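Trainee: Be aware that the sequence shown starts at 1, since it is given in the UniProt record's numbering, and climbs by one per residue.
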Amino acid sequence: MLVHDTVGATRSQTEIDQIRQSLQARYDELTAEYDQAVLQSQVLRLVEVGDTAGDDQADSGTKTAERDTAQSLLRTILDRRAQYEHALGRLEEGTYGWCEGCSAAIPVERLEIFPSATTCVTCKQTRERRAA
Numbered sequence: 001m002l003v004h005d006t007v008g009a010t011r012s013q014t015e016i017d018q019i020r021q022s023l024q025a026r027y028d029e030l031t032a033e034y035d036q037a038v039l040q041s042q043v044l045r046l047v048e049v050g051d052t053a054g055d056d057q058a059d060s061g062t063k064t065a066e067r068d069t070a071q072s073l074l075r076t077i078l079d080r081r082a083q084y085e086h087a088l089g090r091l092e093e094g095t096y097g098w099c100e101g102c103s104a105a106i107p108v109e110r111l112e113i114f115p116s117a118t119t120c121v122t123c124k125q126t127r128e129r130r131a132a
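1. How many Å lie between L111 and A117 at the Cα?
2. Determine contact between the region 79-95 and the region 15-33, defined as no fewer than three beta-carbon pairs at a distance below 8 Å.
3. With 16 as the cutoff for other CB atoms within 10 Å, does I106 come out buried or exposed?
4. Excluding the 5 residues flanking A37 on each side, which residues of the same chain have their C-beta closer than 8 Å to its C-beta?
5. What's the gap between the Cα of G61 and the Cα of Q42?
6. Who are A105's beta bridge partners in DSSP?
7. Are E100 and T126 close, meaning C-beta to C-beta below 7 Å?
8. Write down the C-beta distance between Y96 and A104 rounded to the nearest angstrom, noting that I regard them as a contact closer than 8 Å.
9. How big is the Cα-Cα spacing for P115 and E15?
10. Just to check my reading of the structure: R45 and L91 have Cβ atoms closer than 8 Å, yes? What is that Cβ distance to the nearest angstrom?
11. Going by CA-CA distance only, name the one from R129, R130, I113 that's closest to L23.
12. Please return the same chain residues whose Cβ sits closer than 8 Å to the Cβ of Q40, not counting the five positions on each side in sequence.
13. Are there 16 or more other CB atoms within 10 angstroms of the CB of A132, so buried, or fewer, so exposed?
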């Protein structure tokens, strides 16, 4: 379990250590995933450089789309990793599990599903409505 059973209760050191371990493990997974994606992106670029003879517009378009997809994947992984890094920082500060918007406790169920959550469901929905 990533969070305590009682929302708003003080966490024991054991619970904090479990949360930290879980967040760090996911951060490490994302780091490895990013490193692998960077390597694949570099290989893709090397293949492109060496394989441009006879390319027509369709070939160029395909290569551009593949490059854009690879860059999008890298950005997504970096964003997710930053979320976990932020969650680890909040855990150290003692603010993990509390909404950055309204300071209410984030429901246990939300943190179990989305451990790097920084807002309660209400604040998240409000933010999404404003962005739309």
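Here a beta-carbon is modelled for each residue, glycine too, at the ideal position from N, C-alpha and C.
Bear in mind that the values here come from a model prediction, so they are computed numbers and not experimental data.
Mentor: To lay it out plainly:
1. Taken atom to atom, the span from the alpha-carbon of L111 to that of A117 is near 6 Å.
2. Short answer: they touch.
3. Here I106 is buried, its C-beta having at least 16 other C-beta atoms within 10 Å.
4. A70, L73, L74, I77, listed in sequence order.
5. Whole-angstrom Cα-Cα distance: 18 Å.
6. Note: A105 is bridge-paired with W98 in the DSSP secondary-structure output.
7. The Cβ atoms of E100 and T126 do not sit closer than 7 Å to each other.
8. That pair is no contact at about 14 Å.
9. Cα-Cα distance, rounded: 14 Å.
10. That belief does not hold up - the Cβ atoms of R45 and L91 are roughly 38 Å apart, past 8 Å.
11. For L23, the nearest C-alpha among the options comes from I113.
12. The residues are A70.
13. Here A132 is exposed. Its C-beta has fewer than 16 other C-beta atoms within 10 Å.
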